[in-house]
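For reference, the structure is listed below as structure tokens.
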Amino acid sequence: MTNSERNFELGNVKAGEANDVTAVHTNDAADDVDLKVPRLATVPRPDSIANMSDEELRHLNVKMTRKMDVVIMPIMGILYILNYVDRSALAAAKVYGIMNDLGMTTEQFATAISILFVGYLPFQIPSNLIMTRITRPGLYICSAAAVWGAVSASTAAARSYTGLLVIRVFLGVTEAVFFPGVLYFLSAWYDRSQLGKRLAALFMFQMLGSAFGGFVAAACLTLDGRHGIAGWRWLFIVEGTVTMGCGILFALIMPEFPHNAKRLLTPVERDYAVWRLEMEAGAGEAHEETTVWQGFKLAMMDPKIWALVWCGGMGQAMGTIVNFFPTIVSTLGYSSMVTLLLTAPPYVLAAIVFYVISYISDRKNVMYIIIVSCLGVAVAAYIVALSTLNIGARYFAMMLMPSVCSGPQIMLYKTLHLHMARPFPKRAAGVAMINAIGGLSNVWGSYLYYDGPHFYAAFGTLLACTVAFYITITLYLMHVRRLNRLLGGSPADQCKAMKSGVTQQQVDMGWRYVGY
């Protein structure tokens, strides 16, 4: 890592140094040293922390982060578990007779899976843009969770294929708030040295939700016939009701943005929370006059975001296997109950993998290497799945698939948050674009899983998507490295780099595209 690419760790810029140099303490374990580099423009400290020493700022940072982790992450994690449990319930219900009860064909079931995204995808971008302008995003997210829980529970009342489709569309609309909204919300609280582990924690909760969903489904389906209600209907009733209750409860305690989180942070902590993110992004809130629609326009015109959107689409295509995982596992020849239980271990492994890669990413400040490593393992897993029906080999490949599907997506979202940190509306639009436009893969991907037990079309397509992901992210690497060279060059070169969206304030602060 070159000196120009080192993180400016917030709170470690020492006040009172000589005018021509600034001491910067890196957080790289390999070379934990104080460097002397030319003084760069900084965002002024608020009065409340202006006279604090480095040690006092570090103590403040630890105390504040602990509060955030104790309150924000458990709430978001539990809601994400419920989000995935609710969404994956239909796949579990297939194993226990929903197709027979509603008279569905295989193609109609695929449509029921994919039609959720008809409501889900279009509403993500406007929802995230709304979040940049409201003062209570925590209440917004939790209220949406309560509503989608109610809609999910209503699936138990479906009496026809058409009724199921209508409910699934409304479920997509209500769920559209959550995932892109949470990603944006976390980036408004955590700095770059913290965000990777929190994003990974979020995906770990997702994997635990998928694993937990298998156990919950197995438990709920034992109620089959109780009070004359089919087991798959009990599944939706139980999961939807729990989600409603959690959404209402969490709406009462979820904090909002750092600057107005009066119940969670002290005034000094609020000032510091805002200042450290402004320092890192190379722009203060006082300099932000970008409207919602200007931010959306900036995102639409940035080729870097479109490259990440394409990669996100390929990654989400790889992730479509989650919607049909019980179906694929059932080809191993076990009973319905054992099949649901066998879906859990791959997600537990994925949660462990996510923690490891996030730790490495934050520790070594790398993202590209992690992405291509996951993609390499994905290629091997798909080749094994394509080439054999051996139970041991196939299940081994399936154990790897959730990890290598979602691992690269963690790094994509982290890339966006670090490379497009300002203005806020642009970043919010970019997050939603990756999840919404990239999420179109969930629509066509749902029709790939029809030729079991081999699933040649599915695994062959996912293999092609993996290769396309690798090519695109490598081109992105080459592009941002070129921009970094320009940012470190002459004023004329810096002007060229600024056309990509970098501001003069960021140039003055020595900002760089990191992790690639």
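Residues in the sequence shown are numbered consecutively from 471, following our numbering. Note that the Cβ used here is the ideal one computed from N, Cα and C, for glycine as well.
- A residue is called buried once 16 or more other Cβ atoms fall within 10 Å of its Cβ, and Asp741 is buried on that count.
- Here the stretch 861-871 lies against the stretch 840-851, with 3 or more beta-carbon pairs under 8 Å apart.
- CA-to-CA, the gap between Thr644 and Leu734 works out to about 28 Å.
- DSSP, read as helix, strand or coil, puts Glu709 in helix.
- CA-to-CA, the gap between Lys884 and Arg696 works out to about 46 Å.
- Per DSSP, reduced to three states, the secondary structure at Gly567 is coil, with no helix or strand assignment.
- A check of alpha carbon separations from Gly589 across Thr605, Ile637, Gln676 and Met569 identifies Ile637 as the nearest.
- Under the rule that a run must span 4 or more residues, the alpha helix (DSSP H) segments found entirely inside the stretch 629-707 read 631-645, 648-657 and 662-690.
- For Ala614 against Phe648, the beta-carbon gap comes to about 6 Å, under 8 Å, which counts as contact.
- When rounded, the separation of the alpha-carbon atoms in Leu778 and Pro725 is 30 Å.
- Excluding residues up to 5 positions away in sequence, Cys690 and Leu693 lie with their Cβ nearer than 6 Å to the Cβ of Trp704 in the same chain.
- By the criterion of at least three beta-carbon pairs nearer than 8 Å, the stretch 904-923 is in contact with the stretch 795-811.
- A direct Cα-to-Cα measurement between Val532 and Ala671 gives close to 18 Å.
- Non-local beta-carbon contacts of Ile861 in its own chain, meaning distances under 8 Å to residues more than five positions away in sequence, involve Leu802 and Gly803 in chain order.
- Under the three-state reduction of DSSP output, His924 falls in the coil class, being neither helix nor strand.
- Annotated as proximal: Ala561 and Pro796, with beta-carbon spacing under 9 Å.
- A straight line joining the alpha-carbon of Leu669 with that of Leu653 spans about 8 Å.
- Listed in chain order, the non-local C-beta contacts of Ser916 below 7 Å within the same chain comprise Ala580, Ile583, Ser584, Thr790 and Asn793, local neighbours out to five positions each way being set aside.
- Taken atom to atom, the span from the alpha-carbon of Ile943 to that of Leu768 is near 21 Å.
- Tyr610 sits in a helix when the DSSP states are folded into three classes.
- Distance from the CA of Asn912 to the CA of His729, rounded to the nearest whole angstrom, comes to 37 Å.
- Of Ala626, Ile595 and Met677, the smallest CA-CA separation from Ala646 is found for Ile595.
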